[in-house]
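Following: one structure in structure tokens, then a few remarks.
The following block contains the structure:
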């Protein structure tokens with residue numbers, strides 16, 4: 032009976048021993064594979080967390096820089112009061128503020144005399160005409176000159192930056208590149224860089240000179256140029272590559288602005304026709320039948336209606352101007 036039990040248990044023991052031997056031999060391989068998989072998973076998760084952390088840090092840095100630049104711009108706008116001399120300088124006028132005020136007063140007097148005399152308007156309308164001629168029209172004309180000058184400056188700024196890039200790559204210093212721009216570029220770009228070069232000759236640093244250029248030319252593109260050069264002077268780096276990228280961005284912005292103007296040309300033409308239609312019809316009716324419109328200029332109710340209609344007309348023109356004046 033004992034021999035029978037041993038004969039029955041012997042194969043089972045042999046099978047268990049063989050399974051144990053196989054497990055003992057194969058376990059390290061399976062264990063290593065599993066550990067490798069775990070290590071790979073841990074490394075992948077760690078890499079993902081590091082990449083996410085780096086992306087978050089980069090995003091927070093960009094956001095911080097943008098907020099800082101916005102704060103600086105807001106602080107500069109609040110601290111710097113735009114004087115009349117600065118406005119004349121931005122418009123490219125060499126006149127003094129006193130001359131501008133004298134011309135404005137003469138324009139207001141001329142408008143008032145024309146309104147009360149030949150036009151036969153009441154004294155109150157003469158005061159309104161004096162305000163328009165002495166305050167509104169001269170400043171509107173000055174803003175128009177400033178905008179035209181800034182557009183001319185902006186159209187040549189990318190080429191000027193390319194001159195700086197090529198000069199730096201050929202071994203010229205930045206000051207000499209700006210001197211070349213001051214000599215060979217068209218106005219008003221040459222005048223602004225000539226002023227910058229003259230200030231540097233008097234001991235003003237390049238960063239301060241560019242800040243003063245930003246005061247004379249309050250454009251985002253000029254601010255970009257100032258920031259790029261100032262950062263390069265403080266932290267170092269490849270200035271030619273940074274300026275080359277800036278020139279490419281400025282060209283893209285200029286091309287986009289031209290496309291926007293082309294798309295908005297039809298809307299501007301329609302707005303001009305709508306704005307000119309009421310006064311044009313009124314003028315033709317007055318020339319053909321003066322008695323028909325004379326009560327508007329000789330009675331109190333007529334004056335009220337003319338003022339009310341002009342106010343609503345001006346409101347509509349300003350709304351249309353706001354709708355078609357795209358800024359980006």
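Numbering (the numbering used here), first residue to last: 32 to 359. No residue lacks a Cβ here, since even glycine has one placed at the ideal position from N, Cα and C. These numbers come from a predicted model, not from an experiment.
field: Whole-angstrom C-beta distance between residue 189 and residue 285, which should lie under 8 Å
entry: Position 254 of the chain shown, counted from the first residue, corresponds to residue 285. Position 158 of the chain shown, counted from the first residue, corresponds to residue 189. With a Cβ gap of about 7 Å, residue 285 and residue 189 count as contacting.
message: Quick check: what's the CA-CA separation for residue 76 versus residue 197?
response: Numbered from its first residue, the chain shown carries residue 76 at position 45. Numbered from its first residue, the chain shown carries residue 197 at position 166. Taking the straight line joining both Cα atoms gives about 46 Å.
query: If residue 168 and residue 209 are in contact, beta carbons under 8 Å, what's the gap, nearest whole angstrom?
result: If you number the chain shown from 1, residue 168 lands on position 137. If you number the chain shown from 1, residue 209 lands on position 178. The pair is not a contact, with the Cβ atoms about 38 Å apart (cut-off 8 Å).
query: Taking C-alpha atoms, which residue in 185, 313, 193 and 219 lies nearest to residue 337?
result: For this step, residue 337 is matched to residue 306 along the chain shown. Per the Cα distances, 313.
message: I need the DSSP call for residue 356, collapsed to helix, strand or coil.
response: Walking along the chain shown from the start, residue 356 turns up at place 325. Coil.
- prompt: Once you ignore the five residues that flank residue 282 on each side, which residues in its own chain have a CB closer than 6 Å to its CB?
  reply: Position 251 of the chain shown, counted from the first residue, corresponds to residue 282. So the list reads 189, once near-sequence residues are dropped.
field: residue 200, enclosing alpha helix (DSSP H) - first and last residue
entry: Sequence index remark: in the chain shown, residue 200 carries index 169 (1-based). Its alpha helix (DSSP H) spans residues 168-200.
Residue 113 in three-state terms, based on DSSP: Mapped onto the chain shown, residue 113 falls at position 82. Correct three-state label for residue 113: coil.
field: Own chain partners of residue 244 with C-beta closer than 7 Å, once the 5 adjacent residues on each side are dropped
entry: Counting from 1 along the chain shown, the entry for residue 244 is found at position 213. The beta carbon of residue 244 lies closer than 7 Å to those of 223, 227 and 253 in the same chain, with the five residues before and after it left out.
Residue environment, residue 265, which counts as buried when at least 16 other CB atoms sit within 10 Å: Walking along the chain shown from the start, residue 265 turns up at place 234. It counts as exposed.
Same chain only: Cβ atoms within 7 Å of residue 136, ignoring 5 sequence neighbours per side: Taking the chain shown and counting its residues from 1, one reaches residue 136 at position 105. The residues are 165.
task: Flag this pair as touching only if the stretch 176-188 and the stretch 111-125 have three or more C-beta atom pairs under 8 Å; answer yes or no.
output: Yes, the stretch 176-188 touches the stretch 111-125.
message: For a quick check, are the C-beta atoms of residue 185 and residue 256 less than 8 Å apart?
response: Locating residue 185 in the chain shown gives position 154, where the first residue counts as 1. Locating residue 256 in the chain shown gives position 225, where the first residue counts as 1. For residue 185 and residue 256, no; Cβs fall outside 8 Å.
query: Which whole-angstrom value describes the C-beta separation of residue 120 and residue 247, a residue pair presumed to lie in contact below a C-beta threshold of 8 Å?
result: As a working mapping, residue 120 is identified with position 89 in the chain shown. As a working mapping, residue 247 is identified with position 216 in the chain shown. Going by Cβ atoms, the distance from residue 120 to residue 247 rounds to 6 Å, so yes, they are a contact pair.
field: First and last residue of the uninterrupted alpha helix (DSSP H) at residue 329
entry: What you label residue 329 is simply residue 298 of the chain shown in a count that begins at 1. 321-329 is the span of the alpha helix (DSSP H), which, as asked, contains residue 329.
task: Excluding the 5 residues preceding and the 5 following residue 325 in the sequence, name in chain order all residues of the same chain whose CB lies nearer than 8 Å to its CB.
output: Residue 325 sits at position 294 when you count from the first residue of the chain shown. Cβ within range, chain order: n/a, list empty.
- request: Using the Cα positions of residue 96 and residue 291, report the straight-line distance between them to the nearest angstrom.
  value: In the chain shown, counting from the first residue as 1, residue 96 sits at position 65. In the chain shown, counting from the first residue as 1, residue 291 sits at position 260. Note on residue 96: pLDDT 48, under 50, position unreliable in the model; the coordinate value appears next. Whole-angstrom Cα-Cα distance: 29 Å.
task: Report yes if the C-beta distance between residue 161 and residue 142 is below 8 Å; otherwise report no.
output: One-based indexing of the chain shown puts residue 161 at position 130. One-based indexing of the chain shown puts residue 142 at position 111. A Cβ-Cβ contact shorter than 8 Å links residue 161 with residue 142.
field: Rounded Cβ spacing between residue 279 and residue 200 (contact assumed at less than 8 Å)
entry: Against the chain shown, residue 279 aligns to sequence position 248. Against the chain shown, residue 200 aligns to sequence position 169. Contact doesn't hold; Cβ gap of about 16 Å is too wide.
- request: Indicate the three-state DSSP secondary structure (helix, strand or coil) for residue 343 in the structure shown.
  value: The sequence position of residue 343 within the chain shown is 312, counting from 1. Three-state DSSP puts residue 343 in a helix.
- request: Would you give the residue range spanned by the alpha helix (DSSP H) that residue 150 belongs to?
  value: For this step, residue 150 is matched to residue 119 along the chain shown. First-last for residue 150: undefined, no H or E at that position.
- request: Can you say whether residue 194 is buried or exposed, counting buried as having 16 or more other CB atoms within 10 angstroms of its CB?
  value: Along the chain shown, read from residue 1 onward, the residue named residue 194 stands at position 163. Looking at its Cβ environment, which holds 16 or more other Cβ atoms inside 10 Å, residue 194 is buried.
message: Quick check for students: name the residue ranges of the beta strand (DSSP E) that lie wholly in the stretch 205-238, counting only runs of 3 or more.
response: If we require 3 residues or more, the stretch 205-238 turns out to have no beta strand (DSSP E) run fully inside it.
field: Three-state secondary structure (DSSP) of residue 276
entry: The residue given as residue 276 occupies position 245 in the chain shown. Note: residue 276 maps to helix in three-state DSSP.
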